[in-house]
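Numbering follows the working numbering, in which position 95 of the sequence shown is assigned residue number 709; successive positions increment by one, without gaps.
Worksheet: the structure to be examined is printed underneath.
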Amino acid sequence: FPTRRSSDLVSDIVYPAFVPLGGSPEIGANITDDHMVDTVLLYYRETHNLSWKNIQMNSQNADSRGRGLYNVILPSQNITGNLSFFIKASDSSLNNITEPALSPKLSPYNISVRDDGLPEIHHIPPMSIHVNNSIMLTANITDDVNVRTASLFIKPPSEQVFIEVSLEYTGE
615 FPTRRSSDLV SDIVYPAFVP LGGSPEIGAN ITDDHMVDTV LLYYRETHNL SWKNIQMNSQ
675 NADSRGRGLY NVILPSQNIT GNLSFFIKAS DSSLNNITEP ALSPKLSPYN ISVRDDGLPE
735 IHHIPPMSIH VNNSIMLTAN ITDDVNVRTA SLFIKPPSEQ VFIEVSLEYT GE
């Protein structure tokens, strides 16, 4: 996990550089203050979402003044791209600080949400093959996100190289 050192109030931010599609990233930070730590919120937004959501970070080992480690596990991420976030902490004197400190909405931290799953191909063999007749080849191709293209590579007996043939989606 990358660690970022920052201000006196919010420091040692720990988060994964990436999560797989469907993953729930955990984010942690050390929160300290001269007064009583009151609230620690993590603001986040998914790829292509303009509005920020917030979720309260939970204290893991805070002292009597609320200083210590805070963390949160975000909901599972179902869209590939960047998950952006920043942290806002408030103390009992109504002082607020964000991390990143300057322009957190314009320069937030980012976690890459990646599609690491491979498509699955299940070939359905033809029932019979006759010389000089066309052959219908069928495959069921699935993926947890989307199948963009599918190709068949064939090498006729008289050829030295494979020929690529685009497969059509039939919806069956």
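All C-beta atoms, glycine included, are put in the ideal place defined by N, C-alpha and C.
Through-space distance from residue j to residue i, alpha-carbon basis
i, j, result
"Tyr-723", "Asn-644", "16 Å"
"Ile-725", "Phe-700", "11 Å"
"Met-671", "Tyr-657", "10 Å"
"Ile-627", "Pro-733", "35 Å"
"Leu-655", "Ile-669", "6 Å"
"Asp-677", "Arg-659", "30 Å"
"Val-686", "Thr-763", "38 Å"
"Leu-708", "Met-650", "10 Å"
"Lys-667", "Asp-705", "21 Å"
"Met-741", "Asn-747", "13 Å"
"Asp-648", "Arg-681", "9 Å"
"Pro-616", "Asp-757", "For Pro-616, the predicted model reports a pLDDT of 46, less than 50, meaning its position is unreliable; a value from the coordinates is still stated below. About 30 Å."
"His-662", "Glu-773", "47 Å"
"Tyr-820", "Thr-653", "A query on residue 820 cannot be resolved here, the shown segment of the chain reaching from 615 to 786 and no further."
"Glu-713", "Pro-739", "57 Å"
"Leu-623", "Thr-646", "5 Å"
"Gly-636", "Ser-721", "25 Å"
"Pro-771", "Val-745", "13 Å"
"Thr-784", "Ser-625", "54 Å"
Bridge partner(s) assigned by DSSP for residue i
i, result
"Ser-765", "Ser-780"
"Tyr-723", "Phe-699"
"Asp-705", "Val-651"
"Arg-728", "Pro-634"
"Glu-773", "Paired residue(s): none; Glu-773 is not in a bridge."
"Ala-753", "His-737"
"Val-686", "Ile-641"
"Thr-712", "Lys-702"
CB contact flag (residue i, residue j, <9 Å)
i, j, result
"Gly-695", "Pro-634", "no"
"Lys-719", "Ile-711", "no"
"Ala-753", "Ile-777", "no"
"His-737", "Leu-751", "yes"
"Pro-639", "Gln-691", "yes"
"Phe-767", "Val-759", "no"
"Val-761", "Phe-632", "no"
"Ile-749", "Ile-743", "yes"
(request) Counting only runs of 3+ residues fully inside the region 638-677, write out the beta strand (DSSP E) ranges in chain order. (result) 640-645, 651-659, 667-670
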